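See below for the structure under consideration.
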Amino acid sequence: MAIYLISQPDIKIDAMEGNAGTPPTAAVELEIAALFEQEAGGILRYARGLGMDYGAADDALQEAFFRLFLCRSAGQQIRSPKAWLFRVVRNYAFDQSRAGFRNNVGLESLANLPGPAHPAECHLRVSDFMQGLPQIGLSAREMECVRLRTEDLSYEEIAGVLGLHIGTVGALLNRAHSKVRKAMAVRHRQSQGFTPALAEEKRYAS
Amino acid sequence: MHPSIAALIAFSDGEANAKQSRRIATHLSRCENCSDRLLLVRSEKDELSAGPAITVRHSRKGLDGVLAAMSNWRKGSAASELRVRLREQIEMYFGSQAVMVVERPGMPAEELLGRTSELLEVFLGPAGAESAIDDAFGGLHPGASEVRR
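Here the protein sequences come in this chain order: H and B.
Sequential numbering from -4 applies to the first sequence in our numbering.
Sequential numbering from 1498 applies to the second sequence in our numbering.
See below:
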C-alpha cells in the first residue's frame, strides 16, 4: 500500500508493506551518491545563505543526506528529493538557531556573514548585491524564495520547502523583483552621479 | 493587452502554463516594450543569482562523509539509539502499548522509522510529525557534530 502524505505530497510511504517496499541497499547508496554530486553545491550555498558558517553548513549537508538515506532505507518514496533536502537543511538551521548552537543562524544575519576563513575561499564570499538584500527591504520570506529559485527549484518545490502555496511563491518573487528593480534604478542613478540627495535639492530649488 | 510583470516573471522562470506561455511569446514577438521588460526581469534575476560559487568540492567531509555515516549506521549503535528514540516518541504521544502495535520483533530501525513517521503524520499532522522525527534524529549522524542532547 502506498500512501501520499496529505500536505507533503512529495512523500509517499511504502512502509506498511514492510521490507517488500524497501529498495535494495546498493540502489539507495547509488541514488544518494548521484544526488550528492548533483545537489551538494547548491545545498551548501543555501545553508551559507541561511547564515551558517562553513562547518555548520557542511554538517547540515551531511545530516540532510544521512536522513535521506534513512528515509529511503525505510522505503519512503520522495517525489522531489532536491526540495526535501533543502527543507531538511532549513529545519536543521532553525533547530540550531533555537538551540543557540554555534553562530547566529537566520536570514537576518545574512548581512553580517563572516569573511572567509582562508584566502582560498575568497571567491565564496556572498556577493555585495546579495549582502545588500536586507537593506533594500526584502523580507525574510522574499529572500528565501529568491535564494531557492536561484538554486533552480521550481515554484512548487519552493512552496514545499517553505510550506507556502505556489501562488504565494509567485507573489513573493514578484514583490522581490519590484524591490530589486527600485534598488537597481537607485544604483544606476548613483553610478551616474545622480544621488537622491541631489535630486531632492534640485526639486526643492525649482 | 500587455502581460503583467508577475506573468513575465513566471514566463521567464518557465512557470507559466502552456497556454499563458504561448500567449506571452506571441505578444513579445510584436511588443518591443514588453520585450524590454522581460530583459529587465532577466537582468534582475541575474543580479539575484550572483551568489557565492560553492561546489560539491567545498564540502570538507564530502560524499565520503555521507558514505561513512551510512556504513557506520549499519554497523554501529546509532540504529538502536534511533529505535529507542522512536519508541519514546510513540510512547509520548500514544502510550506504551502503541509501541507493541507498531513495532514487530526484529524490525529494522529504518522500518520502525517509516511506520512511526506515518503514524505521527496521521495523528499530529505533517508539521508535528516532522518536528517529532527531527527530535528523534537530532545528533544521530555518526560523523556530525553534536547538535542537541
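All residues carry an ideal CB built from backbone N, CA and C; glycine is no exception.
Because the structure is a prediction, the values reported are computed rather than measured.
- Residue contact with chain B for Y150(H): present (Cβ-Cβ distance below 7 Å to some residue of chain B).
- Note that the segment 1558 to 1568 of chain B does not touch the segment 1526 to 1536 of chain B; fewer than 3 beta-carbon pairs, one per stretch, sit closer than 8 Å.
- Closer than 7 Å to the CB of R74(H) there is not a single CB belonging to chain B.
- Residue burial annotation: F61(H) is buried, with at least 16 other C-beta atoms found within 10 angstroms of its C-beta.
- The beta carbon of V141(H) sits closer than 6 Å to the beta carbons of A171 from its chain, once the five residues preceding and following it are set aside; these are given in chain order.
- In this structure, DSSP gives Q72(H) an extended state, which the three-state scheme calls strand.
- For K1516(B), the number of other beta carbons within 10 angstroms of its own is below 16, and it is reported as exposed.
- Note on T20(H): under 16 other CB atoms within 10 angstroms of its CB, so exposed under the neighbour-count rule.
- Between the segment 49 to 60 of chain H and the segment 1570 to 1579 of chain B, the count of Cβ pairs shorter than 8 Å is below three; the stretches do not touch.
- Close CB contacts of L1535(B) within its chain, under the 8 Å cut and outside five residues either way in sequence, are with L1505, F1508, S1509, L1525 (chain order).
- Taking C-beta atoms as the reference points, Q1594(B) and A1629(B) fail to come closer than 7 Å.
- A distance below 7 Å separates the beta carbons of M1567(B) and F64(H).
- For K1516(B), no Cβ of chain H is located within less than 7 Å of the residue's own Cβ.
- Those residues of the segment 77 to 94 of chain H placed with their C-beta closer than 7 Å to a C-beta in chain B are N86, D90, Q91, A94, ordered along the chain.
- Close partners of D1533(B) in chain H (Cβ separation under 7 Å) are lacking, with about 13 Å as the shortest Cβ gap.
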